[in-house]
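Just below is one structure, and these are the notes that go with it.
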Amino acid sequence: MSKAIVQDEQGGPEVMQWRDQPLAAPGEGEVTLRHTAIGLNFIDVYVRKGAYPMMTLPGTPGMEAAGVVEAVGPGVRDLVVGQRVAYVMTAPGAYSERRNVPADRMVPLPDDIDDRTAAALMLKGMTAERLLHRTDRAVAGDTVLIHAAAGGVGSLMTRWAKALGCTVIGTVGSDDKASIVRDAGADHVIVGSRENIAERVADITGGKGCRLVYDGVGKDTFEASIQSVARFGHLISFGNASGPVPPVNIAVLSPKCIALSRPQIFPYIADRADLLATAGNLFAAIRKGIVKAEIRDTFPLADAAEAHRQLENRRTTGQLVLLP
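No gaps in the numbering here: position 250 of the sequence shown is 321 in our numbering, and each next residue is one more.
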């Protein structure tokens, strides 16, 4: 038996209930993991609402966590009881004290990466790594626009892009978040609630725009993103924090020969070799101080509903972690 957050229906945070759940022995190729820290991400909100059909009801949300192997199923040879691991998976279920997980999705944790850091950064950190190095390659001299630059992914991308030698323009929703983005290294900060994003980008870049625009906000910023991309630039739309982007007439990309992509992390790490390589790049960046966990709040796992409320209302910056 294990305690877990379970929802029987889709809806607001109130549908998430804390209750007992049966837990079988690990099956072929599985391990039983005792969670020590659980990452909270905006994708969890989408899953809870049913916007992303990734969870069968009744179900337990959550995509990433760190923990300790408690039992090993048949056929597992690379993991042992007591080993520290972390994971990101498309199959929800992380909002639990314990769960059975496929061994080949586990990333062994180095001794110098603590559990809370891993839980906070596996999904967001690997997303940032792939967006900056694989979706397109940000290089020294690029001017990049990062929306929601004080958020979980945005703050990591700001630091990482600066380390790569980029000029970083970050947007935030309020003045109190601007200092966070400046501290992360942004060269320019735009407060979207009182400034016209596209006009400010034009002023900053001398009308040239940004070669790379990273938009995890969606509906509220998409038009400004289109306007802010440089000729032959790339608009990378990777999230819907403000709601889904309305259908786009691709002809709007033509005047500036803009590329538009809609990536997500999971295809990039579907192969185990790619998973371990991406995680290794993230761990290396943590060691070098390029990125770090900015854990603004922790919540007891039983209070996951309140954590969702704060995340959804955009009252948080950095990362949130749930503790079993």
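We put the beta carbon where it would ideally sit given N, CA and C, even for glycine. Here the structure is a predicted model, which is why all the values come from computation and not from measurement.
Mind checking who Gln92 pairs with in its DSSP beta bridge?
According to DSSP, which records beta bridges pairwise, Gln92 is partnered with Ser73.
DSSP has Val152 in a bridge; who is on the other side?
Answer by DSSP bridge pairing: none, since Val152 is not bridged.
In angstroms, rounded to a whole number, what distance separates the CA positions of Asn352 and Ala199?
Computed Cα separation, rounded: 11 Å.
Could you tell me which uninterrupted alpha helix (DSSP H) segments, each at least 4 residues in length, are contained entirely in the segment 282-342, listed from first to last along the chain?
If we require 4 residues or more, the alpha helix (DSSP H) runs fully inside the segment 282-342 come out as 293-299 and 336-339.
Sequence-distant residues of its chain with Cβ nearer than 7 Å to Glu85 (five each side left out)
When the five nearest sequence neighbours on each side are left out, the beta carbons in the same chain lying within less than 7 Å of the beta carbon of Glu85 are those of Ala376, in order along the chain.
Where do the ends of the beta strand (DSSP E) carrying Gly366 lie?
Note on residue identity: the sequence assigns Ile, not Gly, to residue 366. Counting along the chain, the unbroken beta strand (DSSP E) around Ile366 starts and ends at Ile366 to Pro371.
Neighbour-count burial assignment, Ala96, 16 or more Cβ in a 10 Å radius
Exposed, because fewer than 16 other Cβ atoms sit within 10 Å of the Cβ of Ala96.
Quick one: Cα of Ala257 to Cα of Ala209, how far?
Ala257 and Ala209 have their C-alpha atoms roughly 15 Å apart.
Going by CA-CA distance only, name the one from Gly314, Gly130, Asn171 and His106 that's closest to Ile76.
In terms of Cα proximity to Ile76, the closest of Gly314, Gly130, Asn171 and His106 is Gly130.
Kindly indicate the opening and closing residues of the beta strand (DSSP E) around Val210.
First-last for Val210: undefined, no H or E at that position.
Using 10 angstroms around the beta-carbon of Cys237, count the other beta-carbons present and answer buried if the total reaches 16, otherwise exposed.
Classified as buried, Cys237 has 16 or more neighbouring CB atoms from the shown chains inside 10 Å of its CB.
Please confirm whether Gly280 and Val272 have their CB atoms less than 8 Å apart.
Yes; because the gap between Cβ atoms is below 8 Å, this pair is in contact.
Please report the Cβ distance between Tyr47 and His218, rounded to the nearest whole angstrom; I am assuming they are in contact, meaning their Cβ atoms lie under 8 Å.
For the chain, the structure presents residues 72 to 395; residue 47 sits outside this window and is missing.
Distance, Pro93 Cα to Val319 Cα
Their Cα atoms are separated by approximately 45 Å.
Tyr123 and Ile114 closer than 8 Å at C-beta
It is a contact, given that the beta carbons lie within the stated cut-off.
Span separating the alpha-carbon of Val156 from that of Asp374
Approximately 24 Å between the Cα atoms of the pair.
Inter-residue CB distance, Arg358 and Gln390 (contact presumed, cutoff 8 Å)
That pair is no contact at about 18 Å.
Using the three-state DSSP reduction, which class does Pro132 fall into: helix, strand or coil?
For Pro132, the secondary structure class from DSSP, reduced to helix, strand or coil, is coil.
Do Gly138 and Glu99 have their beta-carbon atoms positioned less than 8 Å apart in this structure?
When the beta-carbon positions are compared, Glu99 and Gly138 stay at least 8 Å from each other.
Among the candidates Arg201, Arg148 and Val323, whose CA atom is the shortest distance from the CA of Asn224?
Looking at the sequence itself, residue 224 is Val, so the reference to Asn does not match. Val224 has its Cα closest to that of Arg201, out of Arg201, Arg148 and Val323.
Please report the straight-line C-alpha distance between Leu382 and Asn311, rounded to a whole angstrom.
Straight-line Cα distance between these residues: approximately 13 Å.
Ser245 by DSSP, collapsed to three states: which one?
In the three-state DSSP reduction, Ser245 falls in the coil class, being neither helix nor strand.
Which residues does DSSP list as the beta-bridge partners of Asn384?
Paired residue(s): none; Asn384 is not in a bridge.
Can you tell me whether DSSP reads Asn171 as helix, strand or coil?
In the structure shown, Asn171 sits in a strand (DSSP, three-state: E or B).
Beta bridge counterpart(s) of Val105 as assigned by DSSP:
Correcting the residue identity first, residue 105 is Arg in this sequence and not Val. In DSSP, Arg105 forms a bridge with Val139 and Arg169.
Once you ignore the five residues that flank Leu203 on each side, which residues in its own chain have a CB closer than 8 Å to its CB?
Within the same chain, Leu203 has close Cβ partners Ala209, Met228, Trp231, Ala232 and Leu235.
According to DSSP, residues forming a beta bridge with Val178
Val178 is bridged to Ala157.
Can you say whether Pro326 is buried or exposed, counting buried as having 16 or more other CB atoms within 10 angstroms of its CB?
In the assembly as shown, Pro326 is an exposed residue. Its beta-carbon has fewer than 16 other beta-carbons within 10 Å.
Cβ neighbours of Arg343 in the same chain (closer than 6 Å, five flanking residues each side left out):
Residues Asp175 of the same chain have their beta carbon placed closer than 6 Å to that of Arg343, with the five preceding and five following residues left out of the count.
Endpoints, alpha helix (DSSP H) assigned at Ile275:
Where Ile275 is concerned, the enclosing alpha helix (DSSP H) starts and stops at Ile268 to Thr276.
Looking at the strands, I want to know which residues DSSP matches up with His204.
Beta-bridge analysis with DSSP links His204 to no other residue.
8 Å contact criterion, which Glu141 and Arg105 should meet: CB distance rounded
With a contact defined as Cβ atoms closer than 8 Å, Glu141 and Arg105 qualify at about 5 Å.
Nearest neighbour of Arg302, chosen from Thr206, Val178 and Arg282 [CA to CA]
Selected option, being the one with the closest Cα: Arg282.
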